[in-house]
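Student: Chains as they are written, first to last, in the numbering used here: chain A, 256 to 364; chain B, 144 to 258. Backbone N, C-alpha and C fix where the C-beta goes; we use that ideal spot for every residue, glycine too. First the structure, which I've put down as C-alpha cells, then a few questions once you've had a look.
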C-alpha cells in the first residue's frame with residue numbers, strides 16, 4: 256500500500272522558520288516532490304529530492320532520508336504570502352505520484 | 144517555459160450532461176499527461192495517466208467509461224466527464240512534464256459544479 260503522512264496544520268510567525276515533515280511508506284520510490292497550493296489554485300512545484308541530503312532553493316530547502324522514509328520542507332524568513340497548503344508527493348513508479356494529505360500553513364503577523 | 148493551460152477554469156453543468164476539460168502544453172510536447180481530482184480540504188488523487196496516441200491508464204476505482212480521456216496530440220489532452228452527477232463536483236487538475244530533467248507543471252485547474 257501507499258501511505259504518506261504530514262501534519263494537518265501548522266502556524267508560524269512572519270519572519271520565522273518553519274519545518275514541515277513528511278513520512279512515507281510506498282511500494283517503490285522514484286523521487287519526492289514538494290508543492291505549494293494556495294486555496295482554489297493548482298499546486299506549484301517547489302522542490303525535488305531523489306538522493307539523500309538537503310536541496311536548497313532560496314528561502315526553501317528540502318531534505319530527504321530514503322532509509323528513514325522521511326523528508327522535510329524548510330521555509331525561512333516566512334512571509335504572509337507563504338500561507339498555503341504544502342503537499343508532499345512521492346513518485347512511486349514510472350511517473351505515477353502519490354500525494355500526501357497536505358499541511359495547511361498559516362503565517363501570522 | 145513549461146506552461147500548461149487548462150480550460151475552462153470554472154464550469155457549472157446540469158446533472159446528466161457531459162463536460163469536457165482541456166489541458167494544453169503551450170511551449171513543449173508532452174507525451175504523458177496526468178489527471179487529478181481534488182475534493183475540498185483533501186489532497187490530489189490521481190485519476191488517470193493520459194498517453195499520446197494510446198489508451199489512458201486509469202487508477203483503481205476510477206470509471207473509464209465515465210471519465211473519458213483523449214490524448215490525440217503531443218500538446219492536448221482532454222477529460223470528458225460524462226453523465227455528470229453532483230458527486231462529481233470537484234477540482235480537476237492536469238499535469239505534464241517537459242522532459243526527464245524538468246519538474247512537473249500543473250494546469251490551473253477546473254472547478255466543476257454539477258447542479
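Quick one: using the 10 Å Cβ neighbour count with 16 as the cut-off for buried, is residue 298 of chain A buried or exposed?
Tutor: Under this definition residue 298 of chain A is a buried residue.
Student: Looking only at its chain, what residues have a beta carbon closer than 6 Å to the beta carbon of residue 304 of chain A, apart from the 5 residues adjacent to it on each side?
Tutor: So the list reads 287, 310, 317, 319, once near-sequence residues are dropped.
Student: With which residues is residue 340 of chain A paired in a DSSP beta bridge?
Tutor: BP columns for residue 340 of chain A point to A:292, A:359.
Student: Inspect the beta-carbon positions of residue 161 of chain B and residue 256 of chain B and report whether they are closer than 9 Å.
Tutor: It is not a contact, given that the beta carbons lie outside the stated cut-off.
Student: Helix or strand or just coil, what does DSSP make of residue 260 of chain A?
Tutor: Reduced to three states, the DSSP call for residue 260 of chain A is strand.
Student: On a Cα-Cα basis, can you pick out the residue from A:268, A:326, A:337, A:295 that is closest to residue 343 of chain A?
Tutor: If we check each option's Cα against that of residue 343 of chain A, A:326 comes out closest.
Student: In chain order, which continuous runs of the beta strand (DSSP E) of length 3 or greater are located wholly inside the segment 198-248 of chain B?
Tutor: Whole beta strand (DSSP E) segments, 3+ residues: 210-216, 219-224, 233-240.
Student: At the level of alpha carbons, what is the spacing between residue 209 of chain B and residue 179 of chain B?
Tutor: If you take the alpha carbons of residue 209 of chain B and residue 179 of chain B, they lie about 15 Å apart.
Student: Using 8 Å as the Cβ pair cut-off and three pairs as the minimum, do the segment 175-189 of chain B and the segment 149-158 of chain B touch?
Tutor: No, because fewer than three Cβ pairs between the segment 175-189 of chain B and the segment 149-158 of chain B fall closer than 8 Å, the two stretches do not touch.
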